[in-house]
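Residue numbers (the numbering used here): 1243 to 1353. Quick notes on the structure that follows.
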Amino acid sequence: MRKTETPDNQMALPGLDPKGEQRMADARAWVKAHPVEFAWYMDAARRECVRTHDRKASPNRCIYGMRITLGIELPNHLAPYLARIAMEQDPSIRMRVAHSDADGYTTAVLK
1243 MRKTETPDNQ
1253 MALPGLDPKG
1263 EQRMADARAW
1273 VKAHPVEFAW
1283 YMDAARRECV
1293 RTHDRKASPN
1303 RCIYGMRITL
1313 GIELPNHLAP
1323 YLARIAMEQD
1333 PSIRMRVAHS
1343 DADGYTTAVL
1353 K
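Here it is, written out as structure tokens:
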């Protein structure tokens, strides 16, 4: 019988994930280093907020569009962090996000 490894984050409680703080720091560093790309991301979010039925943008759709249009690579795990940074910088942007460990490291208000 093969020994299985225990999942490293299976029992983590919301807000207690040590990765959250590091990922928010990584996302903020990425935003600072890529102002043109993040401006594109925010413009895409604003456009989507105007035309969707719930007036919210999809963080994943904004990232995918940015990847395709600008030809950049960006890890998926930064999606909730970039969404919250966008909502911090422009309160008119509303994103379709669930509560996560990213909430402890942002001033964005989820609506």
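Just so you know, even glycine gets a beta-carbon here, dropped at the ideal spot from N, CA and C.
Nearest-angstrom beta carbon gap, residue j and residue i [assumed within contact, 8 Å]
i            : j            : result
residue 1347 : residue 1263 : 6 Å
residue 1329 : residue 1298 : Not quite, the Cβ-Cβ distance comes to about 10 Å (not below 8 Å), so this is no contact.
residue 1266 : residue 1331 : With a Cβ gap of about 14 Å, residue 1266 and residue 1331 do not count as contacting.
Test item: CB-CB of residue i and residue j under 7 Å
i            : j            : result
residue 1322 : residue 1300 : no
residue 1287 : residue 1327 : no
residue 1282 : residue 1308 : yes
residue 1183 : residue 1320 : Because the chain in this structure spans residues 1243 to 1353, residue 1183 falls outside the shown range and cannot be described.
residue 1305 : residue 1316 : yes
Bridge partner(s) assigned by DSSP for residue i
i            : result
residue 1337 : 1299
Considering only residues of the stretch 1269-1315, which uninterrupted alpha helix (DSSP H) runs meet the minimum length of 4 residues and lie entirely inside it, listed in chain order?
If only complete runs of 4 or more residues are kept, the stretch 1269-1315 shows the alpha helix (DSSP H) at 1277-1293, 1301-1312, in order along the chain.
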